[in-house]
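Engineer: Those protein sequences? They're chains H and Z, same order as listed. If you're matching positions, the first sequence starts at 40 in the working numbering and goes up one per residue. If you're matching positions, the second sequence starts at 386 in the working numbering and goes up one per residue. Where is the CB? At the ideal position from N, CA and C, for every residue including glycine. Structure in structure tokens, see below.
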Amino acid sequence: MHHESTGWGTVLSHTDQFLSGLLITVEVSVLAFIFALIIGILGAAARRSRFRILRVIVGIYVEIFRNTPLLLQVFVAFFGLPALGLPLTNFQAGAVALAANAGAYLVEIIRGGLAAVPPGQLDAAHVLSLTRTDTFSRIVLPQAIRKVYPPIVNQFVQIVLGSSLLSAIALPELTGVAQTVNSETLLTLQSFGFALILYLIVSNIISVGSNLLGAVIFHPPLEAGGRSAGKGRRRWLIIPGTNKEPRLKSGV
Amino acid sequence: MKKLAITVLAAATALTLAACSAQPSANSGSTNGAASSSGTGVVAQIKSRGQINIADCLSFKPFGFYNSSGKPDGYDVDLANLLAKSLGVKANVVNVTSDNRIPYLQTGKVDAVFCNFTITGQRAQAVDFTIPYVVSGEGVLVRKSANIRSASDLNGKTVAVTKGSTNAQAVQAVAPHATVQAYNDDTSAMQAVKSGQADAFIEDLNFLTYQASQNTSLDLLKTTLGAKEYNGWAVQKGDKALLDYLNSFLRKVTENGQSLKLFKKWFGAAPLYPLNYTTSDPTSGLDLVKTAESSNG
Numbered sequence: 040m041h042h043e044s045t046g047w048g049t050v051l052s053h054t055d056q057f058l059s060g061l062l063i064t065v066e067v068s069v070l071a072f073i074f075a076l077i078i079g080i081l082g083a084a085a086r087r088s089r090f091r092i093l094r095v096i097v098g099i100y101v102e103i104f105r106n107t108p109l110l111l112q113v114f115v116a117f118f119g120l121p122a123l124g125l126p127l128t129n130f131q132a133g134a135v136a137l138a139a140n141a142g143a144y145l146v147e148i149i150r151g152g153l154a155a156v157p158p159g160q161l162d163a164a165h166v167l168s169l170t171r172t173d174t175f176s177r178i179v180l181p182q183a184i185r186k187v188y189p190p191i192v193n194q195f196v197q198i199v200l201g202s203s204l205l206s207a208i209a210l211p212e213l214t215g216v217a218q219t220v221n222s223e224t225l226l227t228l229q230s231f232g233f234a235l236i237l238y239l240i241v242s243n244i245i246s247v248g249s250n251l252l253g254a255v256i257f258h259p260p261l262e263a264g265g266r267s268a269g270k271g272r273r274r275w276l277i278i279p280g281t282n283k284e285p286r287l288k289s290g291v
Numbered sequence: 386m387k388k389l390a391i392t393v394l395a396a397a398t399a400l401t402l403a404a405c406s407a408q409p410s411a412n413s414g415s416t417n418g419a420a421s422s423s424g425t426g427v428v429a430q431i432k433s434r435g436q437i438n439i440a441d442c443l444s445f446k447p448f449g450f451y452n453s454s455g456k457p458d459g460y461d462v463d464l465a466n467l468l469a470k471s472l473g474v475k476a477n478v479v480n481v482t483s484d485n486r487i488p489y490l491q492t493g494k495v496d497a498v499f500c501n502f503t504i505t506g507q508r509a510q511a512v513d514f515t516i517p518y519v520v521s522g523e524g525v526l527v528r529k530s531a532n533i534r535s536a537s538d539l540n541g542k543t544v545a546v547t548k549g550s551t552n553a554q555a556v557q558a559v560a561p562h563a564t565v566q567a568y569n570d571d572t573s574a575m576q577a578v579k580s581g582q583a584d585a586f587i588e589d590l591n592f593l594t595y596q597a598s599q600n601t602s603l604d605l606l607k608t609t610l611g612a613k614e615y616n617g618w619a620v621q622k623g624d625k626a627l628l629d630y631l632n633s634f635l636r637k638v639t640e641n642g643q644s645l646k647l648f649k650k651w652f653g654a655a656p657l658y659p660l661n662y663t664t665s666d667p668t669s670g671l672d673l674v675k676t677a678e679s680s681n682g
């Protein structure tokens, strides 16, 4: 088709729209991530508390939000909550749904990280008369953070990718913009392709950024695997499907 | 173990490829891409396949929707079944939305698009339109509690539209300061207005008249936005054989009153703008639209 040569050109002329959509994606994702972290930390503490009622309530929340589709959670937040007297804008409903969903996963991730600290160390700390605060901040936290850091970063990326569902509640984030540009230009491959590339760039920025941050704050450095890499096997570009096995001969 | 897995995968791939190429040539012909499908054989292909694939928006009651038994139903679907019967085949109605109906057609997943598809010059560059099957306009559905009396009252209010439809552009023209929410389909947009997320919904007049009659909290404004809309059926660009067949079918069911009977069944009244094929033999909806516009202007 003679349109093909100007296809990418036409779509790229909408770059402003795509970037404003990307900005909304980033805004809603960051906001949701912050709230999800708070939910995760409080929820993990509740799950480890000695009060059974706290453990049960948070347990039910985790089960519901991990075992139902995110899209349905988004619809309930946007279309269902107003019926209960809580009208949210599409941005707010999207942030709430994403935060509630990711928060459930983070509760389990953080709880697992805390539980992974060998209980023998807690006993030793008690024997050495360390205060509870000191025990937590100097013994438990440094070890737990090493365990939870890669899955938490991964959850952040999942939030960014999950934000594409918010196009269904008319939020003009990146996927919504791609749909609109597609319906205006009818250049499906280029419109959605451009959005895919932008998502890929954002995911890579998060991965690489978290690797760098991890290299700075973790001594010794974290082992390779998940979204972090050890020294000497650093992944600078995450290309889906090619980064499975570490290659010992060449770098990437 | 690894070698065994590779061998099994290779064998499975080879079998799948062999099975695909063994399918009747009618199927592979219908899944050709946007390249011109050379016209003449398409109707014969549909007949040999035994079914015609028609895209309809099944979130657009009473044009197209899923009835209580989960089957597609509505004005468009009844016409599709009538068309299939005249061809001697079955009708396979595929659910699409305003923003993916053209890609579905261009990639050959469907033979024709119904879906209350408004004929515009821009869309006519991508698809070929039949003569109109419904004439309509853009109406404004409002929540009674939103205090909207005219189109200019929409400024500062939230207006729901559907992606890929003519409504989105219509809002910008009359109320540039309205907040526009673009939904994937009409059901979501209706849901938004009913739940209060949006104050108004701009859509096809016939559709909104029906929706207003079903919802006491919603009202239809007396004004319509923009010009009359001629909604036709679309086929792949260059598919002249199917286009001619659909045109003669539309003329037939309009002249013998079958389409009017179906319209009254679904909408409860005769159409606001009756069909009037008086222009001398247009070959497509675009010709009719252009003639009508020049005679109005």
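Mapping the DSSP letters down to three states, classify Lys613 of chain Z as helix, strand or coil.
Structural biologist: Lys613 of chain Z falls in the strand class under three-state DSSP.
Engineer: I want to verify the contact list: residues of chain Z whose CB lies under 7 Å from the CB of Leu225 of chain H, in sequence order.
Structural biologist: Ordered by position in chain Z, the residues that pass the 7 Å Cβ test against Leu225 of chain H are Ile487, Ala511.
Engineer: Give me the DSSP bridge partner(s) of Gln566 of chain Z.
Structural biologist: Looking at the DSSP assignment, Gln566 of chain Z forms a beta bridge with Z:Ala545.
Engineer: Would you say Ala254 of chain H reaches chain Z, if we count a Cβ-Cβ gap shorter than 8 Å as a contact?
Structural biologist: Not an interface residue.
Engineer: Chain H beta carbons: is any one of them nearer than 8 Å to that of Lys548 of chain Z?
Structural biologist: Cβ-Cβ to chain H under 8 Å: yes for Lys548 of chain Z.
Engineer: Using a cut-off of 7 Å between C-beta atoms, extract the partners of Tyr568 of chain Z located in chain H.
Structural biologist: Within 7 Å Cβ-Cβ: Ala209.
Engineer: If you measure between the beta carbons of Val292 of chain H and Val50 of chain H, is that distance less than 8 Å?
Structural biologist: Chain H is shown from 40 up to 291; residue 292 of chain H falls before or after that span and cannot be answered.
Engineer: Which residues in chain H sit within 9 Å of Gln582 of chain Z, going by Cβ to Cβ distance?
Structural biologist: By Cβ distance, chain H contributes Phe117, Phe118, Pro121, Pro126, Leu127, Thr128, Asn129, Ala132, Ile208, Ala209.
Engineer: Quick check: what's the CA-CA separation for Tyr489 of chain Z versus Leu443 of chain Z?
Structural biologist: So the two alpha carbons sit approximately 15 Å from each other.
Engineer: Output yes or no for whether 8 Å exceeds the beta carbon distance between Leu127 of chain H and Gly201 of chain H.
Structural biologist: No, the Cβ-Cβ distance between Leu127 of chain H and Gly201 of chain H is not below 8 Å.
Engineer: Please state if the CB of Asn600 of chain Z and the CB of Pro656 of chain Z are separated by a distance shorter than 8 Å.
Structural biologist: Taking 8 Å as the Cβ cut-off, Pro656 of chain Z and Asn600 of chain Z do not qualify as a contacting pair.
Engineer: When you compare the segment 95-105 of chain H with the segment 78-85 of chain H, are there three or more beta-carbon pairs, one atom per stretch, that lie closer than 8 Å?
Structural biologist: Touching, yes.
Engineer: Ordered along the chain, which non-local residues of its own chain (more than five positions away) have a Cβ less than 8 Å from that of Asn477 of chain Z?
Structural biologist: Gln436, Ile437, Asn438, Ile439, listed in sequence order.
Engineer: Using the beta-carbon count (16 or more within 10 Å), is Ile92 of chain H buried or exposed?
Structural biologist: By the neighbour-count rule (16 or more Cβ atoms within 10 Å), Ile92 of chain H is not buried but exposed.
Engineer: What does Glu588 of chain Z pair with, by DSSP beta-bridge criteria?
Structural biologist: Glu588 of chain Z pairs with Z:Gly524.
Engineer: Residues of chain Z with CB under 8 Å from Gln229 of chain H, in chain order?
Structural biologist: Residues of chain Z passing the Cβ test: none, with the nearest at roughly 12 Å.
Engineer: Grab the span of the beta strand (DSSP E) containing Phe502 of chain Z for me, first residue to last.
Structural biologist: Here the beta strand (DSSP E) through Phe502 of chain Z covers 497-503.
Engineer: Tell me whether the beta-carbon of Ala509 of chain Z lies closer than 8 Å to the beta-carbon of Lys542 of chain Z.
Structural biologist: Contact: no.
Engineer: My understanding is that Val620 of chain Z touches Val512 of chain Z, with C-beta atoms under 8 Å, so please give their C-beta distance in whole angstroms.
Structural biologist: Contact flag correct, Cβ pair sits at about 7 Å.
Engineer: How about Ala207 of chain H and Asn569 of chain Z: do their beta carbons lie closer than 8 Å?
Structural biologist: Against a cut-off of 8 Å, the Cβ pair of Asn569 of chain Z and Ala207 of chain H comes out as a contact.
Engineer: Checking 8 Å against the spacing of the C-beta atoms, do Gly472 of chain Z and Ile431 of chain Z come in under that value?
Structural biologist: Strictly speaking, residue 472 of chain Z in this sequence is Leu, with Gly absent from that position. Yes, they are a contact pair.
Engineer: Give the secondary structure of Val156 of chain H by DSSP, where H, G and I count as helix, E and B as strand, and everything else as coil.
Structural biologist: In the structure shown, Val156 of chain H sits in coil (DSSP, three-state: anything other than H, G, I, E or B).
Engineer: Near Glu588 of chain Z, what residues of its chain come up, given a Cβ to Cβ distance below 6 Å and the 5 sequence neighbours on each side ignored?
Structural biologist: Excluding sequence neighbours, Glu588 of chain Z sits near Asn552.
Engineer: Against Ser573 of chain Z, what residues of chain H qualify as contacts under a CB-to-CB distance less than 9 Å, listed in chain order?
Structural biologist: In chain order: Phe114, Phe118, Ala207, Ile208, Ala209.
Engineer: If you count every other CB in all the chains shown that lies within 10 Å of the CB of Pro181 of chain H, and 16 or more means buried, which is it?
Structural biologist: So Pro181 of chain H counts as exposed.
Engineer: By how many angstroms is the C-alpha of Thr64 of chain H removed from the C-alpha of Thr392 of chain Z?
Structural biologist: Cα-Cα distance, rounded: 44 Å.
Engineer: Under 8 Å, Cβ to Cβ, is there at least one residue of chain Z near Thr174 of chain H?
Structural biologist: With 8 Å as the cut-off, Thr174 of chain H does not count as an interface residue toward chain Z.
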